[in-house]
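Participant: Going down the list, the protein sequences come from chains A and B.
For the first sequence, the numbering used here begins at 520 and goes up steadily by one.
For the second sequence, the numbering used here begins at 520 and goes up steadily by one.
Backbone N, C-alpha and C fix where the C-beta goes; we use that ideal spot for every residue, glycine too.
Submitted below is the structure of interest, expressed as structure tokens.
2 protein chains.
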Amino acid sequence: MYVIVTYDIEQERVGKILKVCRKYLNWVQNSVFEGEITQAKFEKLKLELQENIERSRDSVRFYIISDKTLVTVEVLGQEKGSTSFMY
Amino acid sequence: MYVIVTYDIEQERVGKILKVCRKYLNWVQNSVFEGEITQAKFEKLKLELQENIERSRDSVRFYIISDKTLVTVEVLGQEKGSTSFMY
């Protein structure tokens, strides 16, 4: 399955969340990751994020699509997908 | 069609981009909008964004899915979707 993750995390935790997401998915824009992932790994990703966010203050959104071919991606401006911009 | 928009915009332009997106889609998280939109309105949204971003410095990503039922959304932590948090 294909997953897009967007997050809005308070400053003190954002570095840790970035590290967790990077283990499973591809960084494409600040606070946005995407990629193919198995159900088992997706469950692990969610668990790790759950352990590291502050539920009352942080927000993580998962868009789960059964097949990447069902999604068309368009970009305006910079295609940030290189790691040099990450935060 | 269903569109998710994520953007990474420099501070001086982010307010304008927020206003443009709000005319067409629903704010769900900082720098993330989503919603049902017609092809015609989607073209208008892209045009307006193109006129307001700095292509060499800003990044707008569109995920286009033919049908909302093809996407499952899960949220960890805060469901920010109310306008009180917007920026």
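(1) Interface residues of chain B around Thr525(A) at Cβ under 7 angstroms?
(2) Spatial neighbours of Lys560(A) within its chain, please: C-beta separation below 8 angstroms, excluding the five flanking residues on both sides.
(3) So if I threshold CB-CB distances at 9 angstroms, which residues from the stretch 557 to 585 of chain B count as touching chain A?
(4) Using the beta-carbon of each residue, which ones in chain A are nearer than 9 angstroms to Leu595(B)?
(5) Between Val533(B) and Arg576(B), what straight-line distance do the alpha-carbon atoms span, to the nearest angstrom?
(6) Locate the alpha helix (DSSP H) running through Leu568(A), then write down its first and last residues.
(7) Looking at the C-beta of Thr591(A), does it have a partner C-beta in chain B at a distance below 8 angstroms?
(8) Exposed or buried, which one is Leu566(A) when buried takes at least 16 other CB atoms within 10 Å?
(9) Could you give the distance in angstroms between the alpha-carbon of Gln530(B) and the alpha-carbon of Phe552(B)?
(10) Given a cut-off of 8 angstroms on the beta-carbon distance, is the pair Gly596(B) and Arg541(A) in contact?
(11) So, at 7 angstroms on beta carbons, what are the nonlocal neighbours of Thr525(A) in its own chain, with the 5 sequence-adjacent residues on each side left out?
(12) With H, G and I counted as helix, E and B as strand and the rest as coil, what does DSSP make of Tyr543(B)?
Facilitator: Looking at the atomic coordinates:
(1) Simply Thr525, Gln548 and Val551.
(2) In chain order, Tyr543 place their CB closer than 8 angstroms to the CB of Lys560(A), counting only its own chain and leaving out the 5 sequence neighbours on each side.
(3) Lys565, Leu568, Gln569, Ile572, Glu573, Arg574, Ser575, Arg576, Asp577, Ser578, Val579, Arg580, Phe581, Tyr582, Ile583, Ile584 and Ser585
(4) Tyr526, Lys565, Leu568, Gln569, Ile572, Arg574, Asp577, Ser578, Val579, Arg580 and Phe581
(5) 12 angstroms
(6) Start and end: Gln558 to Asn571.
(7) Using beta-carbon distances, Thr591(A) counts as an interface residue toward chain B, with a partner under 8 angstroms.
(8) Residue environment analysis places Leu566(A) among the exposed positions, since fewer than 16 neighbouring C-beta atoms fall within 10 angstroms of its C-beta.
(9) 18 angstroms
(10) no
(11) Ser550, Val551 and Arg580
(12) helix
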